[in-house]
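Working notes, beginning with the structure itself.
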Amino acid sequence: MSKQAAISHNAALVRYRLTVASRLLAAFGGGYGLSAAFAAACGLVCVRWLGVPRADAVTLSTMLSFVVFTVAVLWAFACRSSRKAWLGIVLPAAVLGVCTWALYGGQA
C-alpha cells in the first residue's frame, strides 16, 4: 500500500469513527434531553389539561419517557446521516422545551 493510500484510508477511518461518536452523543445525550423534555411536557399536560392527579401524571410521563428515549436511540442509528439524526432529536426536544416553558406560564 502506498503512503498516499494509507493516509486516505486513515482519514476515512477517522471520519467513520467521528460519525459513530456523533451518533452516540446524539443517541444518549440528545435522547436524554428529549426524554426529559417529553416527561416535563407530558406531566404538565396531564395535570393541567386532563385533570390527572400530580403523582399519577409524574408516573405516567416518566414511564413514557423511557419509550421516547429508546426510540431516540433507535432513530440516531437508523438515519442515513448523523445530521439527520441530530435534527430528528434536537428539533422535537426544542419544541417540547418551548411547550413546557409555555405551560409554566412563560416564567423562567
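For the sequence shown, the numbering used here gives the first residue as 1, with consecutive numbering after it.
C-beta atoms are modelled at their ideal positions from N, C-alpha and C, and glycine is treated no differently.
Measuring CB to CB, does residue i end up less than 8 Å from residue j?
i   : j   : result
A72 : L34 : yes
A27 : A76 : yes
G30 : W86 : yes
A57 : C46 : yes
L91 : R48 : no
(request) Examine the Cβ distances between the stretch 85-104 and the stretch 36-55 and report whether three or more of them are shorter than 8 Å. (result) yes
(request) Could you tell me which uninterrupted alpha helix (DSSP H) segments, each at least 4 residues in length, are contained entirely in the stretch 3-56, listed from first to last along the chain? (result) 3-25 and 31-48
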